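Only one structure is covered here, and it is reproduced in the block below.
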Amino acid sequence: MRIDILTLFPGMFSGPLTESILKRAQEEKLLTIRFHDLRTFGLGRYHQVDDRPYGGGAGMVMRSDVVVAALEAVVREGNKRKRSKRNGKPWTIYLSPRGKKLTQIRVEQLAKKHEWLILLCGHYEGIDQRIISGGWIDEEISIGDYVLTGGEIPAMVLIDAVARQIPGVLGKDASAEEESFSKSLKRKREYPHYTRPEVFRKQRVPKVLLNGNHREIKEWREDHLS
Ligand code: 4FD
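Going by our numbering, the sequence shown wraps up at 223, each residue one higher than the last.
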């Protein structure tokens, strides 16, 4: 999967995407992430990307001409590379607190349906509405009902959730576990988990989990679903 990120703060992404599982996924070319600094497309001497809202009010709005220039440049560049591979069309997502709430179901659909995602991270009060009404955005997504200073952290959440659905990104054990966890999420029921040490601050792991009797363990878990 290829993911292009349009952001005013590409530096914010350096941490989480270059560690652990996401790092390996990129090394193994299962995942390619590219960053695009929106300021590069800004206008004039100060590379202006935002402006005052028509009709007045607080805050600033990201300019349609700047954002669309960036989106079109990213699509053009993406189409040049690796046309041989099944690149498909990009699916453009705008991260916004007004978007549709992200769920595990939607994460799984995105990973399955799209080989190429473009993520637009908004700032200020948001983006000019004509970017959305003009058809440059396929989907507006929110990671939850709260407001953050920008769409960067939501973009990272989305990337992490989608990346671990790409075949080969998680180890074999983890993906088997994933399947049942994902199912359990869907019915929102879960059994308690334990790992070493066997005794922690005087609390023991339930004895049944230590005896290796899989039928008894299965029963115990069924009896202890949340
Ligand atoms: N809950 C989320 C996404 C973005 C964001 C922004 C309008 C503010 C939270 C558009 C206002 C974008 C979320 C940037 N905060 N902040 O997914």
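Glycine residues also receive a C-beta, built at the ideal position from the N, C-alpha and C atoms. The model shown is predicted, which means the values in this text are computed figures rather than measured ones.
Asked, Found
"Spatially closest choice to TYR227 from GLU149, GLU176, THR100 and ILE115, by CA coordinates", "This structure leaves residue 227 out entirely; the chain is present only between -2 and 223."
"GLU136 beta carbon near the ligand 4FD (any heavy atom closer than 7 Å)", "no"
"ARG201 (DSSP reduced to helix, strand or coil)", "strand"
"Inter-residue spacing [alpha-carbon to alpha-carbon] between ILE124 and TYR91", "9 Å"
"beta-carbon VAL104 near the ligand 4FD non-hydrogen atom, thresh 7 Å", "no"
"The segment 131 to 151 / the segment 3 to 12 touching (three or more Cβ pairs under 8 Å)", "yes"
"Near the ligand 4FD: ILE143 beta-carbon under 7 Å from a heavy atom", "Before going on, a small fix: residue 143 reads as Tyr here, not Ile. Answer for TYR143: yes, Cβ within range of the ligand 4FD."
"Given GLN45 as reference, the closest of GLY96, VAL58 and ARG161 once Cα atoms are compared", "VAL58"
"Cβ-Cβ distance between VAL64 and ILE115 below 8 Å", "no"
"For GLU136, the first and last residue of its enclosing beta strand (DSSP E)", "136 to 139"
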